[in-house]
Amino acid sequence: MIDKQLPDKRIFFIVNPISGSGKQRTIEALIEKHLDLNLYSFKVVFTEYRGHATELAREAVSGGASIVVAVGGDGTVNEVGRALVGTETTLAIIPTGSGNGLARHLGLPMNFRKAINLINRAKRMKIDTATLNNQFFVSVAGVGFDAHIARKFDKTTKRGFISYFNIATSSYRNYKPRSYKISVDGRVIKRKALLISFANSSQFGNNATIDPGAKIDDGFINVCIVRKIPFWKVALITPLFFMKKFDKTPFVEIIKAKEIIINRKKGKFIHLDGDPEIEKKSFIIKVHPLSLYIIIP
């Protein structure tokens, strides 16, 4: 659903100062240069701790902002987005993170000037969001190896794709698949999996595409069950992530669903849009159709 009308013209920029690129320090000058100040007034605030972006976004909604801009990576987008669900306030993204999965899925520019020009155009659509045990995510959540890597990556001070890739490759050989009992819209299956991703959008970030068929406005979550790939095949299979062909390999099973229940032997890490969280042995994923407005190209 695409909508070119916005209810107001106040914009609130929420900036993660430690995310990816270094341009955040000069963002006010960039906004003044590229934002159409004949149409919009704006305010810039910087996050100081995890969860702060959600608090700031709620304040922006209460203050009547028409657009709240997440300047950061997928974690910042997650925090801002959860405050805007079910409101008329529109999410915009200036991607500065390590992966920028949602921004890349939507085809948003990675360039500050071009991203601000999109805001000037104010073309928006409604997209689905999802929850895992009532915890919000908008792009991809997961359990298993990707959550294991998300936790390790969260602990390191080195950001970016190379750091993430090095952690993944060094951890892969010794990571053992887990057994899962999975209910997809009431149908129960059992699988031993390296990871299970719950894809609202198509990719993790950096164009590493878990499911090119995932659509962000179809009312479904794509459950991507990945078996462990033999170590000697990893170098051959990994490029398929970036060629949007990983879903065609025999190691992936994809099921579309509106509600998923996962049971595992013990509680451990999950990730929500790349940020690690500890969850119980059992958890429920639900899709919330067309619940968030977002700026699109």
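Using the numbering used here, the letters of the sequence shown correspond one by one to residues 1182 to 1478. Note that beta-carbon positions come from the ideal geometry of N, C-alpha and C, so glycine has one too. Since this is a predicted model, take the numbers as computed values, not measurements.
Local conformation of residue i per DSSP, three classes
{"i": "residue 1407", "result": "strand"}
{"i": "residue 1194", "result": "strand"}
{"i": "residue 1478", "result": "coil"}
{"i": "residue 1312", "result": "strand"}
{"i": "residue 1469", "result": "strand"}
{"i": "residue 1373", "result": "strand"}
{"i": "residue 1199", "result": "coil"}
{"i": "residue 1445", "result": "coil"}
{"i": "residue 1150", "result": "What is shown of the chain runs 1182 to 1478, which leaves residue 1150 out entirely."}
{"i": "residue 1208", "result": "helix"}
{"i": "residue 1303", "result": "coil"}
{"i": "residue 1398", "result": "coil"}
{"i": "residue 1464", "result": "strand"}
{"i": "residue 1459", "result": "strand"}
{"i": "residue 1317", "result": "strand"}
{"i": "residue 1222", "result": "strand"}
{"i": "residue 1325", "result": "strand"}
{"i": "residue 1383", "result": "coil"}
{"i": "residue 1254", "result": "coil"}
{"i": "residue 1368", "result": "strand"}
{"i": "residue 1391", "result": "coil"}
{"i": "residue 1349", "result": "helix"}
Proximity test, residue i beta-carbon vs the ligand ADP heavy atom, cut-off 6 Å
{"i": "residue 1473", "result": "This structure lacks the ligand ADP; in fact it carries no ligand of any kind."}
Selected residue, minimal CA-CA separation from residue i, among the options
{"i": "residue 1256", "options": "1265, 1232 and 1236", "result": "1232"}
{"i": "residue 1260", "options": "1269, 1240, 1341 and 1468", "result": "1240"}
{"i": "residue 1138", "options": "1405, 1447 and 1253", "result": "Residue 1138 is absent from the structure shown; the chain starts at 1182 and stops at 1478."}
{"i": "residue 1458", "options": "1284, 1237 and 1336", "result": "1336"}
{"i": "residue 1407", "options": "1397, 1418 and 1413", "result": "1418"}
{"i": "residue 1385", "options": "1411, 1287 and 1443", "result": "1287"}
{"i": "residue 1443", "options": "1230, 1429, 1299 and 1405", "result": "1405"}
{"i": "residue 1198", "options": "1229, 1440, 1396 and 1249", "result": "1229"}
{"i": "residue 1268", "options": "1429, 1292 and 1238", "result": "1238"}
{"i": "residue 1446", "options": "1208, 1362 and 1251", "result": "1362"}
{"i": "residue 1212", "options": "1235, 1299 and 1344", "result": "1299"}
{"i": "residue 1440", "options": "1314, 1194 and 1416", "result": "1314"}
Buried or exposed by the 16-neighbour rule on C-beta atoms within 10 Å, applied to residue i
{"i": "residue 1317", "result": "buried"}
{"i": "residue 1217", "result": "exposed"}
{"i": "residue 1453", "result": "buried"}
{"i": "residue 1222", "result": "exposed"}
{"i": "residue 1294", "result": "exposed"}
{"i": "residue 1263", "result": "buried"}
{"i": "residue 1284", "result": "buried"}
{"i": "residue 1323", "result": "buried"}
{"i": "residue 1341", "result": "exposed"}
{"i": "residue 1272", "result": "buried"}
{"i": "residue 1343", "result": "exposed"}
{"i": "residue 1292", "result": "exposed"}
{"i": "residue 1381", "result": "buried"}
{"i": "residue 1455", "result": "buried"}
CB of residue i within 7 Å of CB of residue j, strictly
{"i": "residue 1289", "j": "residue 1325", "result": "no"}
{"i": "residue 1321", "j": "residue 1378", "result": "yes"}
{"i": "residue 1190", "j": "residue 1247", "result": "yes"}
{"i": "residue 1448", "j": "residue 1467", "result": "no"}
{"i": "residue 1196", "j": "residue 1473", "result": "no"}
{"i": "residue 1275", "j": "residue 1258", "result": "no"}
{"i": "residue 1152", "j": "residue 1310", "result": "For residue 1152 there is no data in the structure shown, the boundaries of the chain being 1182 and 1478."}
{"i": "residue 1192", "j": "residue 1308", "result": "no"}
{"i": "residue 1450", "j": "residue 1354", "result": "no"}
{"i": "residue 1465", "j": "residue 1432", "result": "no"}
{"i": "residue 1395", "j": "residue 1383", "result": "yes"}
Closer than 7 Å to chain B by CB, residue i
{"i": "residue 1279", "result": "The structure shown contains no chain B, having only a single protein chain."}
message: Measuring CB atoms only, is the stretch 1399-1415 touching the stretch 1290-1306, in the sense that at least three cross pairs come out at less than 8 Å?
response: Result no; under three Cβ-Cβ pairs closer than 8 Å.
query: Is it true that the stretch 1431-1440 meets the stretch 1353-1368, where meeting means three or more beta-carbon pairs spaced less than 8 Å apart?
result: Contact holds between the stretch 1431-1440 and the stretch 1353-1368, because three or more Cβ pairs, one in each stretch, are under 8 Å apart.
- prompt: So does the stretch 1271-1290 actually touch the stretch 1353-1361, counting three or more Cβ pairs closer than 8 Å?
  reply: No, they do not touch.
- prompt: How about the stretch 1345-1353 and the stretch 1320-1334: do they share at least three Cβ pairs that are nearer than 8 Å?
  reply: Three or more beta-carbon pairs drawn from the stretch 1345-1353 and the stretch 1320-1334 are found closer than 8 Å, and the two stretches are therefore classed as touching.
- prompt: Can at least three beta-carbon pairs, one atom from the stretch 1379-1393 and one from the stretch 1418-1426, be found at a separation below 8 Å?
  reply: The stretch 1379-1393 is in contact with the stretch 1418-1426.
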